[in-house]
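Residue numbers (this note's numbering), protein chains in the order written: chain A, 3 to 118; chain B, 1404 to 1813.
Ideal Cβ positions, reconstructed from N, Cα and C, are used throughout, including at glycine.
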Amino acid sequence: MTLIHVPRPDVKSAMNADRPVNALLKAQIRHLHDAERNLPLRHRTDVYINAIKTEGEAAEYIREVTTAIHAAHEVAAAKRGRGIAIAAAADEGPAGKAPSANGKKKKGTGKRGRRT
Amino acid sequence: MPPGLDNLRHIVVLMMENRSFDHMLGSLTAVNPQIDGITDQLSNPDTTGASVAPQPLAQFQGQLDPDPDHHFPAVDLQIFGGDTSPNRVANMQGFVKSYFNQQQDVGHSQTIMYYFAQNQLPVLTTLALEFAIFNRWFASIPGPTICNRAFAHYGTSFGRVDMNPIDIIEPFKSIYDRLINANPKHTAKLYYYDTTSSTMEVANLLQNEPELFGTYQQFLSDCSAGNLPDYSFIEPNYSDHDTDSGEEVASDQHPDHNIEAGELYIASVYNAIKQNPNLWQSTVLLVVYDEHGGIYDHVVPPACTPDQFTASANDTGTGQPFAFDRLGVRVPAILISPWIPKGMVVDGRVFDHASIPATITKFFLGDYSPRSPRETSADVFIEPNVAPVDPTRNLLSLAAIRTDCPDFDV
C-alpha cells in the first residue's frame, strides 16, 4: 500500500479574507438575500449586501443567513410539534377551543430587527 | 452478479470548482497515452496572431487573476474562436482571446493555456491513475456554476444558462426528493463545508428542506460511524474565512483560490471513506468539477439530446437562443472504488452532470419518471445491479477487492 504525501498550503500566503468577492460568491449572496425575504422578520439580518466587497464580509453574511434559515425551520418545527401535541391533548381532554395547527403566533409577539 | 455492484450501498459525489481537464489532468497523457490530454499539436492564437502552446507552468494561486470569464458569451468565444456565423464549427481556439478581453494584456492572456505538471497535483493525478478517469466528462452547459450544478441535482437547469436562482418547474424533482420520498425510502444528504461557506443550492433545497444538509464535520463523523446515507453530495469550502477554531482556506479550487487546499480536501474525503473498511468496500466516490472556469481544454464539446427548455437570445447574451443541445467544456472526473481496476481509462462514452442523477436514480430506484430529456438520455457511470450486467460497461468489474489502493498522509 502506497502512502502519498500531500503538501499543505502555506496558510499565511494562501489565506486572504480581503480578496474581492468572485462571481460565484456574489451569486450565493444574492440567492441568500432572496431567501432572507422569505424568513420571518426576527430571523432576517440588516446587512446591506451591495456593501459586501470582500470574501471575509461575504462569509460573515453567508453564515448569518444560513444559520437563520436553519433556526427558522427549527422554530417552525417546534411550533408544529407543539401544535400537534396540544391538539392531541385536546382530543383526549375536555372540549375547548382548539389551538391553531400551524402554530402561528399572534400579531405583535415576534421580535423585530437584527437577530442577536 | 459482479461483487462490486453487489456490495455497493453508498454513492458519494464531490464537486469541485472551475478547472478544465487539460489544466488539471492533461499532463497524464505522458504517463498513459490512452488519457486524452496535452500533446505537442495543441495551441491557441493570441490577439497578435501568434500561436500559444499549452505549457506546464500553472501555479497554485496568483496566476488566474482576474477570474477567467466563464459566462455563456465568453464560453461561446472560447469554443468557437469568435466565429458567430450560422454554420460555424467549434474549434476550441478562443481561450486566449477571451482572457485577453479582461485585461488587454497579451502576456497575461497566455496563462489561460497553462496546465499543472503531474507532481504538482499528487492527489488528483494519483486518483486518476489508480482508479477510473473519464476521457469525456463535460460540463452540462457552456456556462457558469449555478446552472451546471443544477444538472447534478435536478438533471436540468430548467432553461437557465446563468447564475440566477433556479426555479424548479414541475414535474421534475431533485435527486434528493426522489430518494427520500421513494418506497422503500432511501437516504440522501448534501454536505456543505460549514455554515460560513454554506451551499450553492440555496434557492430551493436549503430554503425548503434544510434537513437534507449537513456539514463536512458531520460527513467525517458519518463515515467513521458507518452512518453515511445512500447518496451524499459534498461541497467544498467556497471562501477564505475565520472560524472559532482558526482560519479556513477555501478548498474549492475556484480561481484564484489555492489549489493545494483543494488537493488536501479531496484527499481527506477519500481517506474518510477508506479508513472505514466496511464503508470502503461498499462505496464509490466520484470527484468531478462543475465547469472549466474559462480555462483551456482541447476537446470539442459534443452535441447532445436537447432539453425541453430553451434559453432566449437575451438570456444567453450571444444573440442566439440555446436549446441545451450541446455540452459545455470538458472537466476532470474520476471514479474511485476498490472494485475498479487500476489505471482504467473510460473512453468512447460521453458523460455530463446529468449523468449524476441518472446514475443515482437508476441504481437505487430503477425506472423512474418523469425526468428531463437530458437526464433520460445521459449515460450512467454505475450499472444497475440487475441481470444481465454488461461487462463492457461495468466499471466496478474486479472479482476481488483491491488491497493495493493508496493512502494519503492527511
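So with Cβ pairs under 9 Å, would you call residue 1707 (chain B) a contact of chain A? The residue labelled residue 1707 (chain B) in the question sits at position 304 within the second sequence. By this cut-off, residue 1707 (chain B) is not an interface position.
Taking 9 Å as the CB-CB limit, is residue 1670 (chain B) close to chain A? For the purposes of this step, residue 1670 (chain B) is identified with residue 267 of the second sequence, where counting begins at 1. Taking Cβ atoms only, chain A reaches closer than 9 Å to residue 1670 (chain B), which makes this a yes.
Which residue marks the beginning of the alpha helix (DSSP H) containing residue 1779 (chain B), and which one marks its end? Translated into positions along the second sequence, residue 1779 (chain B) becomes position 376. Per DSSP, residue 1779 (chain B) belongs to the alpha helix (DSSP H) from 1776 to 1780.
Can you tell me which of B:1772, B:1777, B:1779 and B:1762 puts its alpha carbon nearest to the alpha carbon of residue 1785 (chain B)? In the second sequence, counting from the first residue as 1, residue 1785 (chain B) sits at position 382. Ranking B:1772, B:1777, B:1779 and B:1762 by Cα distance to residue 1785 (chain B) puts B:1762 first.
Option in B:1764, B:1792 and B:1769 with minimal Cα separation from residue 1556 (chain B): For the purposes of this step, residue 1556 (chain B) is identified with residue 153 of the second sequence, where counting begins at 1. When each option's Cα is compared against that of residue 1556 (chain B), the closest is B:1764.
Under the three-state DSSP convention, the category residue 7 (chain A) falls into: Indexing the first sequence from 1 puts residue 7 (chain A) at position 5. Residue state, collapsed to three classes: coil.
Touching by the beta-carbon criterion (3+ pairs, under 8 Å), the region 1497 to 1504 of chain B and the region 1738 to 1752 of chain B: no
Does the CB of residue 49 (chain A) have a neighbour CB from chain B at under 9 Å? Along the first sequence, read from residue 1 onward, the residue named residue 49 (chain A) stands at position 47. So, not an interface residue.
Indicate whether residue 1653 (chain B) and residue 1640 (chain B) have their beta-carbon atoms separated by less than 9 Å. Taking the second sequence and counting its residues from 1, the one referred to as residue 1653 (chain B) is at position 250. Taking the second sequence and counting its residues from 1, the one referred to as residue 1640 (chain B) is at position 237. Yes, the pair counts as a contact, with Cβ atoms nearer than the cut-off.
Expressed to the nearest angstrom, what Euclidean distance is found between the alpha-carbon atoms of residue 1620 (chain B) and residue 1813 (chain B)? Working through the second sequence from its first residue, we reach residue 1620 (chain B) at position 217. Working through the second sequence from its first residue, we reach residue 1813 (chain B) at position 410. If you take the alpha carbons of residue 1620 (chain B) and residue 1813 (chain B), they lie about 15 Å apart.
Would you identify the three-state DSSP class for residue 85 (chain A), choosing helix, strand or coil? Walking along the first sequence from the start, residue 85 (chain A) turns up at place 83. Here residue 85 (chain A) sits in helix by DSSP.
Does residue 55 (chain A) come within less than 9 Å of chain B when only Cβ atoms are used? Numbered from 1 along the first sequence, position 53 holds the residue referred to as residue 55 (chain A). Chain B contact via Cβ: absent.
Tell me the start and end of each unbroken alpha helix (DSSP H) in the region 1703 to 1767 of chain B that is at least 4 residues and wholly inside, in chain order. 1716 to 1719 and 1758 to 1767
Consider the Cβ of residue 83 (chain A): report whether some Cβ of chain B lies at a distance smaller than 9 Å. Translated into positions along the first sequence, residue 83 (chain A) becomes position 81. No, no contact with chain B.
For residue 57 (chain A) versus residue 22 (chain A), is the C-beta spacing smaller than 9 Å? Taking the first sequence and counting its residues from 1, one reaches residue 57 (chain A) at position 55. Taking the first sequence and counting its residues from 1, one reaches residue 22 (chain A) at position 20. It is a contact, given that the beta carbons lie within the stated cut-off.
Contacts around residue 1460 (chain B), its chain only, beta-carbon distance under 7 Å, and the 5 residues preceding and following it disregarded: Residue numbering aside, residue 1460 (chain B) sits at position 57 when the second sequence is read from its first letter. Contacts found: 1517.
Could you tell me if residue 1572 (chain B) is buried or exposed, where buried requires 16 or more neighbouring beta carbons within 10 angstroms of its beta carbon? Your numbering for residue 1572 (chain B) matches position 169 in the second sequence. Exposed, by the Cβ-count rule.
So, with DSSP's three-state summary, where would you put residue 1537 (chain B)? Counted from its first residue, the second sequence places residue 1537 (chain B) at position 134. In the structure shown, residue 1537 (chain B) sits in a strand (DSSP, three-state: E or B).
Pull up the distance between the alpha-carbon of residue 99 (chain A) and that of residue 74 (chain A), whole angstroms please. Against the first sequence, residue 99 (chain A) aligns to sequence position 97. Against the first sequence, residue 74 (chain A) aligns to sequence position 72. With a pLDDT of only 38 at residue 99 (chain A), under the threshold of 50, the placement of this residue in the model should not be trusted; the figure read from the coordinates follows. So the two alpha carbons sit approximately 27 Å from each other.
In whole angstroms, give me the CA-to-CA distance for residue 1405 (chain B) and residue 1800 (chain B). Looking up residue 1405 (chain B) in the second sequence gives position 2. Looking up residue 1800 (chain B) in the second sequence gives position 397. Distance between the alpha carbons of residue 1405 (chain B) and residue 1800 (chain B) is about 6 Å.
Closest by C-alpha distance to residue 1754 (chain B), when choosing among B:1768, B:1783, B:1760 and B:1728: Working through the second sequence from its first residue, we reach residue 1754 (chain B) at position 351. Out of B:1768, B:1783, B:1760 and B:1728, B:1783 has the C-alpha closest to the C-alpha of residue 1754 (chain B).
If distances are taken between C-alpha atoms only, which option among A:17, A:69, A:62 and A:82 comes closest to residue 41 (chain A)? Walking along the first sequence from the start, residue 41 (chain A) turns up at place 39. If we check each option's Cα against that of residue 41 (chain A), A:69 comes out closest.
Under the rule that 16 or more other beta-carbon atoms within 10 Å means buried, what is residue 1777 (chain B), buried or exposed? The residue given as residue 1777 (chain B) occupies position 374 in the second sequence. So residue 1777 (chain B) counts as buried.
Residue 1685 (chain B) versus B:1631, B:1526, B:1568 and B:1487, residue with shortest Cα-Cα distance: Here residue 1685 (chain B) is taken as the residue at index 282 of the second sequence, counted from 1. Taking only the C-alpha atoms, the option nearest residue 1685 (chain B) is B:1631.
Residues of chain A with CB under 9 Å from residue 1634 (chain B), in chain order? Counted from its first residue, the second sequence places residue 1634 (chain B) at position 231. Here the premise fails: no neighbours, minimum Cβ distance about 21 Å.
Given that residue 26 (chain A) touches chain B, what residues does it touch there, using C-beta distances under 9 Å? One-based indexing of the first sequence puts residue 26 (chain A) at position 24. Result: 1420, 1421, 1470, 1547, 1548, 1549, 1566, 1603, 1641, 1655 and 1657.
For residue 40 (chain A), which residues in chain B fall below 7 Å Cβ to Cβ? Along the first sequence, one-based indexing puts residue 40 (chain A) at 38. 1610, listed in chain order.
Alpha carbons only, please: which of B:1714, B:1582, B:1603 and B:1676 is nearest the one belonging to residue 1766 (chain B)? Counted from its first residue, the second sequence places residue 1766 (chain B) at position 363. When only C-alpha atoms are compared, the closest one is B:1582.
Residue 1744 (chain B) beta carbon near the ligand GTP (any heavy atom closer than 8 Å): Looking at this structure, you won't find the ligand GTP or any other ligand, since it has none at all.
In angstroms, rounded to a whole number, what distance separates the CA positions of residue 1615 (chain B) and residue 1635 (chain B)? Position 212 of the second sequence, counted from the first residue, corresponds to residue 1615 (chain B). Position 232 of the second sequence, counted from the first residue, corresponds to residue 1635 (chain B). In a straight line, the C-alpha of residue 1615 (chain B) is about 10 Å away from that of residue 1635 (chain B).
Below 8 Å on the Cβ atoms is my contact criterion, and I expect residue 36 (chain A) with residue 1568 (chain B) to pass it. Report the Cβ-Cβ distance as a whole number of Å. The count along the first sequence starts at 1 and reaches residue 36 (chain A) at position 34. The count along the second sequence starts at 1 and reaches residue 1568 (chain B) at position 165. Contact flag correct, Cβ pair sits at about 6 Å.
Alpha carbon of residue 1704 (chain B) to alpha carbon of residue 1427 (chain B), nearest angstrom: The residue labelled residue 1704 (chain B) in the question sits at position 301 within the second sequence. The residue labelled residue 1427 (chain B) in the question sits at position 24 within the second sequence. C-alpha separation (whole angstroms): 18 Å.
Selection of the region 1518 to 1548 of chain B by Cβ proximity to chain A, strictly under 8 Å: 1525, 1526, 1529, 1547 and 1548
With distance defined between alpha-carbon atoms, name the residue in B:1717, B:1633 and B:1655 nearest to residue 1687 (chain B). Counting from 1 along the second sequence, the entry for residue 1687 (chain B) is found at position 284. Of B:1717, B:1633 and B:1655, the residue nearest in Cα terms is B:1633.
Just to confirm, are residue 1474 (chain B) and residue 1720 (chain B) a CB contact at a threshold of 9 Å? Residue mapping note: residue 1474 (chain B) aligns to position 71 of the second sequence, counting from 1. Residue mapping note: residue 1720 (chain B) aligns to position 317 of the second sequence, counting from 1. Yes. Within cutoff.
Option nearest residue 1608 (chain B) by Cα separation, candidates A:72, A:18 and A:78: What you label residue 1608 (chain B) is simply residue 205 of the second sequence in a count that begins at 1. Residue A:72 is the option with its Cα nearest to residue 1608 (chain B).
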